[in-house]
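Top to bottom, those sequences are chains A and B.
When the first sequence is numbered by this note's numbering, its final residue is 621 and no position is left out of the sequence of numbers.
When the second sequence is numbered by this note's numbering, its final residue is 1592 and no position is left out of the sequence of numbers.
We treat Cβ as the ideally placed atom computed from N, Cα and C, and that holds for glycine.
Nothing here was measured: the structure is a model prediction, and the numbers come from that model.
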Amino acid sequence: MRPSPLPAPPTEAAFALPGGAVRRSLLLLGRGIRSEPRTFAIAIGASAVYGVGLVASGWALGRITDRVVVPALEGGQVPSSHIWWAGVVLFAIGLVTAVAVALRRVYAGMAAFDVQAGHRRRVTRQYLRLPMSWHRRHPAGQLLSNANADAEAAGGVFVPLPFAIGVLVMIVLASVAMLWADLVLGAIGVSVLPLVLAANVVYRRYMSPAITVVQHERAAVSDVAHESFEAAAVVKSLGTEQLEEDRFTTVTHRLRDANIAVGRVRSVFDPVIDLLPALATLAVLLVGAHRIDSGVIGTGDVITTAYLLTVMTFPVRAIGFVLGDIPRSLVGHDRISRVIDARGYLTDGTAGLPAHGGMRVEVEDVTLAVPSFDAQGERTTAELLRGVSFAVEPGQTLAVVGPTGAGKSTLVDVLARMSDPTSGSMRYDGVDARDVGARSRTDAIALVAQSTFVFEDTIRGNVALGDDVEDGGSAFTDDEVWRALRTARADGFVAALPQGLDTVVGERGASISGGQRQRLAIARALIRRPRLLILDDATSAVDPLVEQQILAGLREQVGDVTVILVAYRTATIALASSVLHLERGLVVDQGTHPELLARDLGYRHLVTAYQRGRAEREAGR
Amino acid sequence: MSAQIEQSSTLGVLGTVREGLRLSPAMRRGLGLTFVLALFATVGRLIVPFAVQRTTDAGIGGPGGVDTDLVLTLCLAAAGGLLVTSACTTWVNVRLFKAAEAGLAQLRIRAFRHVHDLSVLTQNTERRGSLVSRVTSDVDTISMFVQWGGLMLLLSVLQILGATVAMALYSWQLTIIVWLAFVPMALLAPRAQRALNTAYGIVRVRVGSMLAVISESVVGAQTIRVYGAGLRTQHRIDTAISDHRNAAVKAQTFASVAFSSGVLLSGLALGAVVVAGTMLGIAGEITVGALVAFLFLVQIFTGPVQSATEVLNELQNAVAGWRRVISIVHTPLDVDEPERPQPPGPRGPATLELEGIEFAYPGGDLVLRDINLTVPAGARVAIVGETGSGKTTLAKLLTRLMDPTRGRVRINGVDLRDLSLSDLHARVVIVPQEGFLFDGTIATNVAYGRSGASPARVEETLGELGLSDWLATMPRGVQTDVGQRGESLSAGERQLVAIARAYLADADVLVLDEATSAVDPATEARINRALDGLTSGRTSVAIAHRLSTAEAADLVVVVDAGRIVEVGTHAELATGGGRYAQMHSSWVSQGE
């Protein structure tokens, strides 16, 4: 089964629920039921059968007591077969009820898990679809919490829901029967429902804010744990385990207090929900006794009403469960809605690109501004790139050189279309980047970034990474994979791994060092013979010796390719046919390395800083 | 040696609960009073059925017609009782919530701390996603259970006991029949619980896997976009989500069938009591009134039996989560405190000695062998070697992130294993390869571990390291936000912050695990200047990737294939025609 394609339908209604509390609750329940109609129908049907079974059991027991048990014990002649039949009938009702219970629970669980799985799919599709700028604003721990705890909370109410809806049948029947027996007593009995609903309004007023805090704190705990485990090396080196424990203790205690606050509200509300039908039953007895006394009704009517009210206690509880879970589900839904309703996708065009040869890259008057804060903490915009223009001819190599904060990584983002310029344009072979199809672009361009990522997959799968391969599979032959690994100088360590190409690395696989990851990432880029290769400080964790070998082997493996590299070492820069000197988002100069050395003072200063540092140190010794 | 964290502990259900309670002492606090209050709350559940029965029997259906006064008395007494017992229920609930949450917070913190104390994080950097789930969703599972299950179980058990006593007062024969009806359940329960246990265990494991795959889509967002691997990643995520859903549905199905058997047996019990009770009545063993009352009690008995099975089923879910957390706490520490710590000696630059060291990762070949080296106090040593030569492993041994398989590391003559960990961390600090930063400001990151250091002190520190000019380029100075994982700064700048952090830590021995062989030259010059400031007056060992570091060192140690092959000054080795001379000439040809 292939997953459906990524792009969202352009006119998708907001996932967030509009309106007041009641409307939002009904929308939440309605949407859930509509998403899994068959499963919910079975669960609700089974629940109704269960309700009827419950009433039938009480009714049958009454009839059997009157017609069989009492006559038999008071000396009447009751055939023994009747006694046995009575037992069989009660057991049979139990059997039907038991089957209904099992069906209701299995299908209610299935419905709830399906709703949760649906939320998780929607949320994670967004993670794959939203641009990098969105990801950079949202901590990983929080996003994990959205896909896990919040999706679970949003679907939580659907577990008791079929039960509550199914037993509504029971409540309606019981209410009609009560009112039929006596209008006054019936009115007392029926008044339980609006009272429960009223209690719920009060409950929700206290519960919603409390639950919001809990879900927030759950995400905070997840976030601290995630960050702290990531910082393990720093923590170990400075021996700050206690500090981390304190930090985690603070958020954990906030979560604990939030959970206790929720517990308090529930502790008060749950007994109240139980109390309402119980007090109503007592009221029926009291009023009923007076009405019998004044001859308006008979004893049987009071007993029937009291019995029906007892029967109603259970379904009212079920409704209480649903009402109790709604605030938590609404909060969870709100939290995942923020992900699902996030927009700002980079939409792809449909234009194709030539299949072979180096790519011609043109950047024309590109400016990129992002929201930022100034020194006083006021909102403003910062221009990371300002009117940048240059072109790289097919098969040429361009080195981008500049100090930290010059906008090099931002430029790389634009070149690989991780983001679009605020103004100006960026063209691949004369076609605007925004008009190029996603597949054409990923086929033609490879980027090796500063920080590389390895998937929990085999070495083969990590190198051959792409949509057209299954886990562990590959659209490339093993020979091709090995050749790419060889060029990236990763063949040595891969050959030494226990299962070679089939070794699983990543989250729960074998662990590999930073330098090995980078070389794997380089092999990943090389194997697809890109027409444009972008190397953003891609060899930072690799020994200089190895870096030199990799860069030398590059053309051999890839052939005719345009290369843009962010470079620091003079030797690396020397490989480039031209150099772009970037500073504070502006192009200072462009030319060959010797040209820039000769005419660009800042450039000379920059690339000779290393030698100067060395000279200074030697002078100081 | 490096211990593996098990997926789950192998404790039985009772063992898990007992161990869970042991690890969460706060959960047991005040349990006595809670129990007494729960007894009152149980009585509350019986008030209405008894009031209905008494009122209809004596008040309305009595021999003298309707006795409204009696009805009023009964109803008022019942209402009063309900209010009191409801208050008790609320109180019990609050107490249970408080104790359970306090206990679970203890467990969460304990597991979190234990993860940090294990070396697994520094050895296997890939396992974080699923570790996070152990201190988050696994504990949440227990919390959800305790929130409703705890009280339900308590009340149900008390109600079952109470109903049994009441039933026995009417007829011991029928009471035995009721209990016999539930025998099949008692016999099948252990097997059902085991099946459920396994099923819920699988659910917890699937949650961990699902989070691991989802975290790929978050942490690997850029790579996925560049290589157009979105559909493939989505497919992996969808599979993990479906796997979790299927496991959850399966566990739910088991639980439902187990629960419905309780409903079925309730029907059986009721049927059997009607038949046997009538027979007994005909034989004159029981009166009509007693039998009717008994039938009423059967229903009071079967209700809690059903809820108790329900709670026990759900308990399996909590136990599955509990086991995963307990397995963390039970993983033995590979680097632990000495029983009798030795005094570390005076502060100041220290001598380091490595003596006959061998090291192998568990189940692997030796990655270091025959390592003997003395680093004089105050010396700057650079260790060079190719990737995979074992130099990073050596750095980990120097800081006791791991212990050697054979041989010892000594500081001022004291074996590292004989120093208390706090003394060790005060003396020896490693500046790791990737300068990881926390989401916060430059100031908080530099002051990390030195909470007393003010922003002014941080600025001063940066000044002492010659980084004032760099700080001036930061938009908000030391208050500049560094972003998640420090990603708003460049790799070189993160390194600067890490150096300043180590400087404030003020150690006697520094182990520098250099990472960035390529940062922009200006930053590199700054890093070198800062490192000079950091290492002066201290003993330092650098795992060097940079030519400049080796050149500036007092002693260069060349490691190849797990052995030390050359030791000497830069000048000696550069002209010696050996391994180092070869590396050096390649560096120079690149640098110039």
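(1) Using a beta-carbon distance below 9 Å, is S81/A in contact with chain B?
(2) Would you say G472/A lies against chain B (beta-carbon separation less than 9 Å)?
(3) What three-state label does DSSP hand N1372/B in the structure shown?
(4) Output, in chain order, the set of chain E residues within a Cβ distance shorter than 8 Å of R136/A.
(5) Using a Cβ-Cβ cut-off of 6 Å (strictly less than) and excluding sequence neighbours within five positions of L447/A, which residues of its own chain qualify?
(6) Is the beta carbon of G1303/B less than 9 Å from the beta carbon of G87/A?
(7) Would you decide whether T1516/B is buried or exposed? Buried here means 16 or more other CB atoms lie within 10 Å of its CB.
(8) Within the 9 Å Cβ cut-off, does E1126/B reach chain A?
(9) So what does DSSP say about R1113/B, is it helix, strand or coil?
(10) Since V1596/B and T1539/B are thought to touch, with beta carbons under 8 Å apart, how far apart are those beta carbons, to the nearest angstrom?
(11) Buried or exposed, going by whether 16 or more other CB atoms sit within 10 Å of the CB of H605/A?
(12) With a cut-off of 9 Å, does the C-beta of W1091/B fall near any C-beta of chain A?
(13) Got a sec? Which residues, its chain only, sit under 8 Å from R24/A by beta carbon, not counting five neighbours each side?
(14) If I measure Cβ to Cβ from T1309/B and keep anything under 7 Å in the same chain, skipping five residues before and after, which residues do I get?
(15) Using the beta-carbon of each residue, which ones in chain B are nearer than 8 Å to D114/A?
(16) With a Cβ-Cβ cutoff of 9 Å, do L485/A and L520/A count as a contact?
(17) If you draw a straight line from the alpha carbon of A1571/B to that of D1481/B, how long is it in whole angstroms?
(18) Measure from the C-beta of V49/A to each C-beta in chain B and report whether the shortest distance is under 9 Å.
(19) What residues are listed by DSSP as bridge partners for A369/A?
(20) Counting only Cβ-Cβ distances shorter than 7 Å, please list the residues of the segment 235–254 of chain A near chain B, keeping chain order.
(21) Compare the C-beta of G1271/B with all C-beta atoms of chain A and state if any pair is closer than 9 Å.
(22) Report the rounded CA-to-CA distance for A100/A versus G30/A, giving the unit in angstroms.
(23) Closest Cβ-Cβ distance between E1566/B and chain A: below 9 Å?
(24) Please return the same chain residues whose Cβ sits closer than 7 Å to the Cβ of I336/A, not counting the five positions on each side in sequence.
(25) Among A525/A, T458/A and Q450/A, which has the Cα closest to the Cα of R483/A?
(26) Cα separation between A1318/B and R1232/B?
(27) Whole-angstrom Cβ separation of D1439/B and G1483/B, contact assumed at under 8 Å?
(28) Could you tell me the boundaries of the beta strand (DSSP E) in which A1360/B lies?
(29) Identify each residue in the segment 1317–1336 of chain B for which the Cβ-Cβ distance to at least one residue of chain A is less than 8 Å, and report them in chain order.
(30) Give the secondary structure of L1312/B by DSSP, where H, G and I count as helix, E and B as strand, and everything else as coil.
(31) With a threshold of 16 other CB atoms inside 10 Å of the CB of G405/A, please say whether the residue is buried or exposed.
(32) Looking at the strands, I want to know which residues DSSP matches up with I292/A.
(33) Secondary structure at V1558/B, three-state DSSP: helix, strand or coil?
(34) Strictly below 8 Å CB to CB, what residues from chain A border A1436/B?
(35) Indicate the three-state DSSP secondary structure (helix, strand or coil) for A1229/B in the structure shown.
(36) Measure the C-alpha to C-alpha separation of G1267/B and H1116/B and round it to an integer number of angstroms.
In terms of the structure at hand:
(1) no
(2) Residue placement at G472/A is flagged as unreliable, the pLDDT there being 45, under the threshold of 50; the coordinate-derived value follows with that caveat. G472/A does not count as touching chain B.
(3) strand
(4) No chain E is present in this structure, whose protein chains are A and B.
(5) Once the five neighbours on either side are set aside, the close Cβ partners of L447/A are A416 and I534.
(6) no
(7) Note that T1516/B scores 48 on pLDDT, short of 50, meaning its location in the model is unreliable; the coordinates nonetheless yield the value given after this. The residue in question, T1516/B, is buried, as its Cβ has 16 or more Cβ neighbours within 10 Å.
(8) Caution applies to E1126/B, whose pLDDT of 41 falls short of 50 and renders its modelled position unreliable; the value that the coordinates give is listed next. Closer than 9 Å to some Cβ of chain A, the Cβ of E1126/B qualifies, so yes.
(9) helix
(10) Only positions 1001 to 1592 of chain B appear in the structure, and residue 1596/B is not among them; the question remains open.
(11) exposed
(12) yes
(13) Excluding sequence neighbours, R24/A sits near L17, P18 and L330.
(14) A1258, F1259 and G1262
(15) R1245
(16) It is a contact, given that the beta carbons lie within the stated cut-off.
(17) 43 Å
(18) no
(19) E383/A
(20) V235, K236, S237, L238, G239, T240, E241, L243, E244, E245, F248, T249, T252 and H253
(21) yes
(22) 23 Å
(23) no
(24) H119, V123, N146, D150, A151 and A154
(25) A525/A
(26) 34 Å
(27) 7 Å
(28) Segment L1352 to A1360, the beta strand (DSSP E) holding A1360/B.
(29) none
(30) Note: L1312/B maps to helix in three-state DSSP.
(31) With 16 or more Cβ atoms within 10 Å of its Cβ, G405/A is classed as buried.
(32) The partner list for I292/A (beta bridge, DSSP) is empty, contrary to what the question assumes.
(33) strand
(34) What sits at residue 1436/B in the sequence shown is Phe, not Ala. Here the neighbours are E230, A231, A233 and V234.
(35) Note: A1229/B maps to coil in three-state DSSP.
(36) Taking the straight line from one Cα to the other gives about 54 Å.
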